[in-house]
Amino acid sequence: MTRVGLLLVAFAVALGLRIVLGRPDVAADVPAALVFAIALLVVAIAAGTRVPVSPRAVLIGIAGLALVCAPVAFEHVLTAKPVYGTQGFAGWAAAVVVVATAEEVFLRGALYDATERVWGASAAIGLGAVCFALLHVPLYGWHVLPLDLAVGLVLGGLRQGAGTAAAPAITHVGADLVGWFLR
Amino acid sequence: MVSVNSARRRWLAGALLVGVGWLASPSAVPVYDGISAPDEPYRYVSPPPDATKTAPATSVSVNTPVTGGSNSQGLSLQTGETGPQMSVFLPQFAMRAATGPIHIAVTPAAPTDLPPGATADGNVYDIAMTAPGGPVTLDKKYAAIATLYLRATSQRAPQPTMYYRPAAGAAWTALGTTAGGLDIRVSSFPGAGQYVLAKAGTAAAANASSGMPVLPIVLVGVLVVLAAAVVVVRLRSTSGDAAGTAAPSPAE
Chain D
462 MTRVGLLLVA
472 FAVALGLRIV
482 LGRPDVAADV
492 PAALVFAIAL
502 LVVAIAAGTR
512 VPVSPRAVLI
522 GIAGLALVCA
532 PVAFEHVLTA
542 KPVYGTQGFA
552 GWAAAVVVVA
562 TAEEVFLRGA
572 LYDATERVWG
582 ASAAIGLGAV
592 CFALLHVPLY
602 GWHVLPLDLA
612 VGLVLGGLRQ
622 GAGTAAAPAI
632 THVGADLVGW
642 FLR
Chain S
264 MVSVNSARRR
274 WLAGALLVGV
284 GWLASPSAVP
294 VYDGISAPDE
304 PYRYVSPPPD
314 ATKTAPATSV
324 SVNTPVTGGS
334 NSQGLSLQTG
344 ETGPQMSVFL
354 PQFAMRAATG
364 PIHIAVTPAA
374 PTDLPPGATA
384 DGNVYDIAMT
394 APGGPVTLDK
404 KYAAIATLYL
414 RATSQRAPQP
424 TMYYRPAAGA
434 AWTALGTTAG
444 GLDIRVSSFP
454 GAGQYVLAKA
464 GTAAAANASS
474 GMPVLPIVLV
484 GVLVVLAAAV
494 VVVRLRSTSG
504 DAAGTAAPSP
514 AE
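Protein chains in written order, with the working numbering: chain D, 462 to 644; chain S, 264 to 515.
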């Protein structure tokens with residue numbers, strides 16, 4: 462329980478650091494996002510988090526990617542929105558891979574493990590989803606809460622089903638990268 | 264069989280969750296997370312000395328048909344940058360003309376003769392509306408929701424105000440301006456003419472820097488302490504487990 466509390470406080474402090482460094486546009490500030498990612502990774506390593514990668518986890522991650530991208534792909538087809546080009550993609554993608562992976566290693570790795578040990582898998586999924594949703598409010602506003610809460614629960618479900626944070630990390634990174642083209 | 268059904272149910276529940284979450288979020292999220300996809304640097308007609316070299320700012324034009332004395336289709340027009348530096352929404356029946364088509368042309372220009380004390384934030388956008396049968400006017404009722412969006416040159420606060428004048432050389436009027444995003448400024452569309460974003464005061468004042476970043480340093484320090492605390496808790500927990508394994512208590 463102490464460990465869960467410490468991880469939650471560390472998460473809040475890391476998020477605060479990202480907000481302070483990233484103002485006025487926290488969501489677009491790449492250095493602030495990278496500092497946030499490094500902070501999460503340091504705390505996850507301190508907690509002894511391991512993220513084994515298995516073929517099954519990769520398959521679950523890819524299936525999860527299809528699931529979370531379905532609504533935005535469907536909307537794009539319906540509204541005939543243009544698909545964005547690749548100009549500026551490489552640098553942005555590199556940063557996104559680091560940030561999304563760090564979030565998963567922390568939320569579905571360190572925090573999940575610590576919470577599951579005390580209160581079980583359901584609580585671990587729920588707590589991770591709440592943190593995931595709240596994390597995005599300072600970046601994008603309150604309107605993201607329903608979607609990110611739902612996606613957070615799905616990512617937690619993937620973690621439980623795969624037995625490792627590798628699966629939600631693949632889903633998360635993939636969804637972010639797809640988002641470049643389908644914005 | 265039972266586990267296959269259980270897995271299917273879980274995936275279906277996941278799909279339902281994401282679908283409901285998507286519908287419940289009133290506007291699209293950049294993705295579910297990550298870093299907002301960046302806009303390209305602002306394209307100036309007359310760039311300041313420190314501006315990034317870019318392609319020229321784009322123009323845009325369109326013809327829209329007239330039926331019964333007004334535009335029969337609503338339209339949205341935007342320039343070609345990523346993201347667009349100018350975007351205008353003109354609803355159905357908002358423009359009146361004797362005959363069509365109505366030609367709408369948007370051209371960027373360098374800012375000139377701004378209000379005293381104001382500093383331009385980007386280009387002037389000249390919006391012309393012409394028709395072969397005479398002048399194009401706005402219908403007050405339908406044009407009430409016509410909207411103009413201009414992108415500011417940066418997301419730095421304070422964000423600029425939109426100014427309008429009906430023709431070059433006329434006096435500028437400040438428009439009621441709201442935020443449509445971190446660097447998107449939104450106003451109603453009073454008609455053809457020139458539009459520009461401008462800030463009160465000088466650019467130098469807007470660029471004034473703050474002092475030493477004390478708060479980030481404090482937060483990094485707190486994080487280091489927390490990480491150390493997590494290590495201590497983990498090691499204690501590990502040594503406790505090892506002790507428990509090596510020497511079971513009499514109760515076991």
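Idealized CB from N, CA, C, for every residue including glycine.
- Going by DSSP, residue 355 of chain S is part of no beta strand (DSSP E) at all; its letter is neither H nor E.
- Bounds of any alpha helix (DSSP H) do not take in residue 605 of chain D, whose DSSP letter is neither H nor E.
- Look at the stretch 417-458 of chain S and you find these whole runs of beta strand (DSSP E), each 3 residues long or longer: 424-428 and 447-451.
- For the pair residue 274 of chain S and residue 485 of chain S, the Cα-to-Cα distance works out to about 40 Å.
- Judged by beta-carbon spacing, residue 463 of chain S lies beyond the 7 Å limit of residue 391 of chain S, meaning their Cβ atoms are not closer than that value.
- Cβ-Cβ distances below 6 Å link residue 326 of chain S to 364 and 366 in the same chain, with the five nearest sequence neighbours on each side left out; the list follows chain order.
- No Cβ-Cβ contact shorter than 7 Å links residue 320 of chain S with residue 268 of chain S.
- DSSP places residue 509 of chain D outside both helix and strand once states are collapsed to three, so it counts as coil.
- By the Cβ criterion, the stretch 494-503 of chain S is not in contact with the stretch 479-498 of chain D, since fewer than three pairs of Cβ atoms, one from each stretch, lie closer than 8 Å.
- Pairing residue 329 of chain S with residue 340 of chain S gives a Cβ-Cβ distance that is not under 7 Å.
- For residue 274 of chain S, the residues of chain D that pass the 8 Å Cβ criterion are 524 and 528, in the order they occur in the chain.
- For the 7 Å CB-CB criterion, residue 461 of chain S and residue 384 of chain S form a contact.
- Near chain D, meaning a CB-to-CB distance below 7 Å, no residue of the stretch 311-324 of chain S qualifies.
- Residue range 582-601 is occupied by the alpha helix (DSSP H) that includes residue 599 of chain D.
- Cβ-Cβ separation between residue 309 of chain S and residue 381 of chain S: approximately 16 Å, too far for a contact (criterion under 8 Å).
- Under the three-state reduction of DSSP output, residue 381 of chain S falls in the strand class.
- Taking 9 Å as the upper bound on Cβ-Cβ separation, chain S lies near residues 593, 596, 597, 600, 601, 602, 604, 605, 606, 607, 608, 609 and 610 of the stretch 581-610 of chain D.
- Here residue 354 of chain S has 337, 405, 406, 408 and 409 as same chain residues with Cβ atoms under 8 Å from its own Cβ, once five neighbours each way along the sequence are excluded.
- Taking a C-beta distance under 7 Å as the contact criterion, residue 628 of chain D and residue 483 of chain D do not qualify as a contact pair.
- In this structure the stretch 565-579 of chain D lies against the stretch 495-513 of chain D, because at least three pairs of beta carbons, one per stretch, are closer than 8 Å.
- Within chain S, the residues whose beta carbon sits less than 7 Å from that of residue 474 of chain D are 482, 485, 486 and 489, listed in sequence order.
- Around residue 614 of chain D, the same chain offers 586, 587 and 590 as residues with beta carbons nearer than 8 Å, after the five sequence neighbours per side are excluded.
- The way I'd put it, the stretch 280-288 of chain S doesn't touch the stretch 573-581 of chain D; fewer than three beta-carbon pairs between them come closer than 8 Å.
- In this structure, the straight-line span from the alpha carbon of residue 375 of chain S to that of residue 458 of chain S is close to 11 Å.
- By the CB criterion at 7 Å, residue 399 of chain S and residue 358 of chain S fall inside the cutoff.
- Secondary structure at residue 490 of chain S: helix, using DSSP grouped into helix, strand and coil.
- Fewer than three pairs of CB atoms, one per stretch, sit closer than 8 Å, so the stretch 594-605 of chain D makes no contact with the stretch 548-563 of chain D.
- Our two residues, residue 442 of chain S and residue 468 of chain D, have alpha carbons roughly 36 Å apart in a direct line.
- Exposed is the label assigned to residue 335 of chain S, since fewer than 16 other Cβ atoms lie within 10 Å of its Cβ.
- Within chain D, the residues 478, 481 and 482 have their CB atoms less than 8 Å from the CB of residue 479 of chain S, given in chain order.
- The straight-line gap separating the alpha-carbon atoms of residue 511 of chain D and residue 571 of chain D is approximately 8 Å.
- Around the C-beta of residue 288 of chain S, 16 or more other C-beta atoms lie within 10 Å, and the residue is accordingly described as buried.
- For residue 574 of chain D, not one C-beta of chain S is nearer than 7 Å to its own C-beta.
- Contact annotation, residue 573 of chain D with residue 626 of chain D: C-beta distance approximately 7 Å; criterion of less than 8 Å satisfied.
- Membership of residue 368 of chain S in the beta strand (DSSP E) is indicated by the continuous run 365-372.
- In this chain, residue 566 of chain D is not harboured by any beta strand (DSSP E), its DSSP state being neither H nor E.
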